[in-house]
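Working notes, structure below.
Protein chains in written order, with full-length UniProt numbering: chain Z, 1 to 76; chain S, 1 to 110.
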């Protein structure tokens with residue numbers, strides 16, 4: 001099931017209010033996204049931990065409803 | 001631990017570099033798995049691959065084991081390193097090469 005970009009962004013922003021989120025489409029199917037997330041919450045965390053935080057913000061949709069999200073995280 | 005978690009723990013302990021993927025290195029069944037196979041190949045590292053598509057218990061079990069929702073997943077010396085995006089980033093900026101060297105894993109120049 002596709003998941004629109006604004007929904008992904010809203011979930012991420014709900015978890016990280018300071019986040020700068022940039023979402024772009026990898027394919028024109030509403031199902032393959034690329035997201036760059038910058039947040040102070042990532043400071044001092046490993047990459048795996050940073051991505052886990054974003055996946056947690058997506059409420060378990062990653063890997064299910066949300067098929068593909070190419071993710072890049074950075075601390076700001 | 002559950003039986004599948006025991007098995008995963010034994011597999012990642014027995015092999016320096018382990019890739020849980022969809023399909024096989026010769027026949028990846030997903031673009032992300034294919035990308036990781038290519039990265040590991042470019043790094044010149046030998047790895048043990050497990051095909052989760054042939055093993056539904058492993059497919060679910062590895063997600064719980066790693067607390068990671070997607071496949072592929074890469075382990076180095078028993079440590080979860082990440083999925084495709086992290087591997088791609090680490091490959092591009094040299095961190096992966098440094099990690100393999102630091103862990104004493106033999107790589108061949110390709």
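Backbone N, C-alpha and C define an ideal beta-carbon position, used for all residues, glycine too.
In this text, all values refer to a predicted model and were calculated from it rather than measured experimentally.
Query raised in the report: Any beta-carbon of chain S closer than 8 angstroms to the one on residue 21/Z?
Result: Taking the first chain and counting its residues from 1, one reaches residue 21/Z at position 21. Closer than 8 angstroms: no.
Query raised in the report: Can you pull the DSSP bridge partners for residue 107/S?
Result: Working through the second chain from its first residue, we reach residue 107/S at position 107. Residue 107/S is bridged to 45/S.
Query raised in the report: Can you list the residues of chain Z that residue 15/S reaches, using a CB-CB cut of under 9 angstroms?
Result: On the second chain, position 15 is the one that residue 15/S refers to. Neighbours of residue 15/S on chain Z: none; closest Cβ ~19 angstroms, over 9 angstroms.
Requested in this report: Pick helix, strand or coil for residue 46/Z, following the three-state DSSP scheme.
Outcome: Counting from 1 along the first chain, the entry for residue 46/Z is found at position 46. DSSP places residue 46/Z in coil when its eight states are reduced to three.
Query raised in the report: For residue 34/Z, which residues from the same chain have a beta carbon less than 6 angstroms from its beta carbon, with the 5 sequence-adjacent residues on both sides left out?
Result: On the first chain, position 34 is the one that residue 34/Z refers to. Correct list, in chain order: 24, 26, 70.
**Report entry** chain S residues whose Cβ lies nearer than 7 angstroms to that of residue 70/Z
**Finding:** Here residue 70/Z is taken as the residue at index 70 of the first chain, counted from 1. Per Cβ cutoff of 7 angstroms: 85.
Query raised in the report: Leaving out five residues before and five after residue 47/S in sequence, what residues of the same chain have Cβ atoms less than 6 angstroms from its Cβ?
Result: Taking the second chain and counting its residues from 1, the one referred to as residue 47/S is at position 47. If we look at residue 47/S and ignore the five residues flanking it on each side, its Cβ neighbours are 17, 19, 40.
**Report entry** Start-to-end residues for the alpha helix (DSSP H) that takes in residue 90/S
**Finding:** Counting from one through the second chain, the residue named residue 90/S turns up at place 90. Its alpha helix (DSSP H) spans residues 84–92.
Query raised in the report: What separation, rounded to the nearest whole angstrom, lies between the Cα atoms of residue 71/S and residue 83/S?
Result: Position 71 of the second chain, counting from 1, holds the residue named residue 71/S. Position 83 of the second chain, counting from 1, holds the residue named residue 83/S. When rounded, the distance between both Cα atoms is 7 angstroms.
Requested in this report: Quick one: grab the DSSP three-state call for residue 52/Z.
Outcome: By 1-based counting over the first chain, the position of residue 52/Z is 52. The answer is helix: DSSP assigns residue 52/Z an H, G or I state.
Report task. Under the assumption that residue 45/Z contacts residue 74/Z (Cβ atoms under 8 angstroms), give the Cβ distance between them as a whole number of angstroms. Result -> The residue you call residue 45/Z lines up with position 45 of the first chain. The residue you call residue 74/Z lines up with position 74 of the first chain. About 11 angstroms separates the two Cβ atoms, so there is no contact after all.
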